[in-house]
Structures are given as C-alpha cells and as structure tokens.
Amino acid sequence: MNLNFNTIIQAAAPRLGTAVQNVEKDFWVCWTLDALFNGMPSDGPRLLFKGGTSLSKAYGLISRFSEDIDITVFRADIGEPAETAELEALSGNQRRRPTDAAVLVSHRNSHAW
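Just so we're aligned, residue -1 is where the sequence shown starts under this note's numbering, counting upward by one.
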C-alpha cells in the first residue's frame, strides 16, 4: 500500500478513537460506495444504499465503523419480477437464479481489478 496512505490512516485512528484497521475498512467502504454510485453508467439499474451503514454515512445518525454495506438493485430495472404476486409465483430456484448469476459476475469482475 502507498506510504502516504498508511501514514494518513495511522494518524487518523487515534483522532477518531479507533483502530487503524477500522479506519482502513471505513476508507474502502466509502471508496466502494463512491465507485458504485458515481462511477456507474447513468443508464444502469438504480441502486439503493440501505441499512445501518447508510444511516451512518449518508445521514450521520449513528457513529460506527461498518463491516459491510447493504445495496439493493431495483428488480424492475434489471427485468426481474418486482411485484409481490409475481415473486410469490416463482419457485425457490427461480428466485435464486438471478442472485446466483449476479454473484458469479461480481466474482469475475472483482478479479479483473
């Protein structure tokens, strides 16, 4: 990792009253959110940032260092059933298939970086 990055992270930890690892994790959470919400094509599917991390990052309502981020894709934007009746009509395998495919694509893309 870059020496300047490490120096900044190490200096920030005591100021924030937390471990160096938490500061670095938080940096990567913010970096990922920026890439997802500002680096994606505008004609792509809409994403919803939700959960405790969203309360912390977007609104400052809670103070914590996050272990994960919760992101949802609007199903209608990717051509998947979105209404309750449509979802209830699907079998378990039919509901899992798009998620399994997305995980596979994400895995491939993460190795491309």
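No residue lacks a Cβ here, since even glycine has one placed at the ideal position from N, Cα and C.
Check                                                                                                                  : Outcome
Other residues of its chain near Ala80: CB distance less than 8 angstroms, five sequence neighbours each side excluded : Phe72, Arg73 and Ala74
Asp41 in three-state terms, based on DSSP                                                                              : coil
As assigned by DSSP and simplified to three states, the class of Thr70                                                 : strand
Simplified DSSP state of Leu46, which is helix, strand or coil                                                         : strand
Status (buried if at least 16 other CB within 10 Å, exposed otherwise) for Val103                                      : exposed
Neighbourhood of Gly117 by C-beta, 6 angstroms cutoff - its chain only, sequence neighbours within 5 removed           : As displayed, the chain neither begins before -1 nor continues past 111, which places residue 117 out of reach and without an answer.
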